[in-house]
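This report refers to the structure that appears directly beneath it.
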Amino acid sequence: MNKYFKLAAVAAAILSTQATAADADIKNAYVTGGLNMFAFDTEVHNMDKAIGPWFGFGYQIDKNWAVEFDYHMADSDIDHPGITTNKGVDISLMSLSGVYRYAPVGQNSILAKVGLGRQEYDSSANGSVTETAIRVGGGYEYYIQPNLSATFMWDLLYSVDETLIDSLPNIGLKYQFGDVKSSYKKSTKATKPAEKPAKAKPVVMDADLDGVENSKDMCSNTPSGVRVNAQGCPFDRDADGVYDYKDECVMTPAGAKVDAKGCTVKLEEKVSIQLYISFANNSSVVPEEYSTEIKKVADFMKSYPDTKVALVGHSDSSGSAAYNQMLSEKRAAKVADYLVTKFGVDSARVSSRGEGEANPIADNTTAEGRKKNRRVTAEITAVVAK
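Numbered according to mature numbering (1 follows the signal peptide of the UniProt record, and there is no 0), the sequence shown spans residues -21 to -1, 1 to 365.
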């Protein structure tokens, strides 16, 4: 039989298998094909290696075992000094094999194959010769897509008639029909005995769906998704009274007072210092006896570098209001200069202004009252942690 006629016959058989798929369950069937190489025992066959196509189809019996029919073909030349013309040889192999896969269908797997085949060598020089061959091989299957895989096989052909071994390495593509993932689960389930219906479980109420039934839940309104303990309450790892899912400072020290966010409360207090300098009548000269008081202000400001001072100058009501305004401003400016030049306070932290005779603190009709009104005052406050 001509090799092309055989190829057409095999292809027709495969197409026929697919054509009847509408009337049959082919969920376990597959088609395959690719390239092969016949590597001969040259001492007996006297033929060159030959490469050609192969086609086949199979049926997956269960998740590990399949039966497969395939047809291989190639062209070779006789390698013998006595034959110089008509050296071409048509080679074909038909075989039926069992294929075992170590992993279930749908997974990459090592393959093992054993079967029986019929080889034919057709040449003008020697006519047609047929041999019965035992086929044994192994390889690997790699899934490209759920139903499509690549196969890599190396088979040995043991000729029963000639007592020799040829090699048949081959590669191919395989298409599996049906749902590969579920095809081999259904038959397994069908063999299992029917399970007894499960006893109805008592209904357990769990209003907040935290896994702790209402009768045992001490925190019955826990938000969805929050991890809870055996009592149904959210975790509070640092035991500060703020649940972890609300706690922005999860590991505060034991016993520390915390705010609503679970963070340590910073206790603060205000500290302040006051300044009062009395001036002589119609004078803006800073009396030397107030140097110690001014130094205290300077030291306070150095201890609390964020503080600033606003010096306010005043006068009594003697003279015109305009003159008294100027004099009060001058007195405040003098004290400011004293802080900066003598005690090194940054000028950017010191300001001064005058209020003239507008804000007396004593009676301007008496000498003692007027003395109290001729003044520069200031109060500096800082907030510090306890």
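The C-beta atom is built at its ideal place from N, Cα and C for all residues, glycine as well.
The model shown is predicted, which means the values in this text are computed figures rather than measured ones.
CA-CA distance, F48 to M73, rounds to 7 Å. The three-state reading of DSSP puts S296 in coil, since its state is none of H, G, I, E or B. Nearest in C-alpha terms to E110, of all of D101, S270, I40, V288, is D101. For V46, the closest alpha carbon among the candidates D238, V78, N343, E358 is that of V78.
Look at D217 here: in three-state DSSP terms it is coil, with no helix or strand label. Under the three-pair Cβ rule at 8 Å, the segment 270 to 277 does not count as touching the segment 328 to 345.
By DSSP's assignment, Q155 forms a beta bridge with Y9. Less than 8 Å separates the beta-carbon of I252 from that of K275. Counted as a single uninterrupted DSSP element, the beta strand (DSSP E) harbouring S107 occupies residues 106 to 124. Under the three-state reduction of DSSP, V314 is assigned to helix. A residue is called buried once 16 or more other Cβ atoms fall within 10 Å of its Cβ, and I340, having fewer, is exposed.
With fewer than 16 neighbouring CB atoms inside 10 Å of its own CB, K225 falls in the exposed class.
Taking C-beta separations shorter than 8 Å and ignoring five residues to either side along the sequence, the partners of Q39 in its chain run N7, A8, Y9, A45, V84, Q155, S162, Y163, following chain order. Of the other Cβ atoms in all chains shown, 16 or more fall within 10 Å of the Cβ of K153; this residue is therefore buried.
Taking 8 Å as the cut-off, the Cβ atoms of A277 and L290 do not count as close. When rounded, the separation of the alpha-carbon atoms in S330 and V237 is 39 Å.
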